[in-house]
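A.B. asks: Quick one: structure below, then a few questions.
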Amino acid sequence: MSKAATDHSTTPYYAFATVAVFAVVFTALGISHHDQQAQTPQVPAVEGTVLERAHVPAVPTPSEPVSTEQPALASMPPNPSLAAQIDAAHEAVPERHARSQDDLSATRKINISSHTGVTGSLSRARASLNKNSLWPARRDIMAVLAEQPGNGEALQMRAELVSRERERESLLASARLCARDGQWVCARHNAAHAASVDASSLSARKLLLRAIARKRPDPAENDETGASGGNGDQ
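Residue 175 in the UniProt record's numbering sits at position 175 of the sequence shown, and the numbers go up by one each step.
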């Protein structure tokens with residue numbers, strides 16, 4: 001009776017202990033499962049971080065500066081002919097520049113000389129025309145027109161020169177005709193007029209001297225004429 005009562009009194013304790021054990025086991029399993037779920041999502045992130053770090057190229061640290069210098073190439077011996085050509089080209093540049101400067105200076109001097117020459121020729125031509133010296137005037141006028149074909153002053157003086165030359169030739173033609181006919185007074189008059197138009201005309205001066213010589217009376221003829229007159233008067 002006492003044993004049965006004892007077993008009956010201890011039964012609740014065994015049941016409670018069993019329930020407590022199961023509760024502890026289930027609690028431990030739940031905590032373990034919760035920890036696994038909490039730790040499971042971190043695995044891909046860690047793996048991804050590791051993989052990303054694996055692909056990141058290594059960056060040199062400041063203590064190891066990256067060299068930007070190109071590797072030295074093997075030096076080639078210079079080509080003598082190419083070096084000579086380069087030197088000749090460098091020497092030719094100043095020479096061509098100096099030559100061009102000399103050409104410009106020479107051209108400038110020629111232009112100045114030409115302008116001075118043209119001005120002087122025009123002045124001499126005008127002076128010759130004023131002195132009725134047609135040949136020197138023609139020489140200077142033609143020199144100006146050779147340098148400056150369109151020079152207005154030279155063209156104007158040439159027109160005046162041609163007009164005077166035509167007048168001279170007309171007077172000389174009349175003087176020669178009079179001389180051929182023995183009309184020495186006429187010849188002398190036209191020749192003198194031609195010489196006044198062109199003081200440089202040798203033809204006009206020669207014909208004038210000839211007409212003057214022919215017009216003078218012959219001394220022998222004058223003596224004979226005087227003797228005949230005296231005899232007649234006697």
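Even glycine gets a Cβ: it sits at the ideal position worked out from N, Cα and C.
#1: Under 8 angstroms by Cβ, that's how I've got Leu-129 and Leu-161 pegged, so tell me the actual separation to the nearest angstrom.
#2: So, helix, strand or coil for Ser-170, using DSSP?
#3: For Ala-211, name the three-state secondary structure that DSSP assigns.
#4: Do Arg-180 and Ala-195 come within 8 angstroms of each other at the CB atom, strictly closer than that value?
#5: Where do the ends of the alpha helix (DSSP H) carrying Asp-140 lie?
#6: Using three-state DSSP, classify Gly-117 as helix, strand or coil.
#7: Can you give the Cα-Cα distance for Ala-173 and Asn-151, rounded to whole angstroms?
#8: How is Thr-18 classed by DSSP in three states: helix, strand or coil?
#9: If you measure between the beta carbons of Pro-136 and Ser-200, is that distance less than 8 angstroms?
#10: Secondary structure at Lys-131, three-state DSSP: helix, strand or coil?
#11: Over the uninterrupted alpha helix (DSSP H) stretch that includes Asn-190, give me the two end residues.
C.D. replies: Concretely, from the data shown:
#1: At roughly 7 angstroms, the Cβ-Cβ gap stays under 8 angstroms, so Leu-129 and Leu-161 are in contact.
#2: helix
#3: helix
#4: no
#5: 134-147
#6: Three-state DSSP puts Gly-117 in a helix.
#7: So the two alpha carbons sit approximately 33 angstroms from each other.
#8: helix
#9: yes
#10: coil
#11: 184-197
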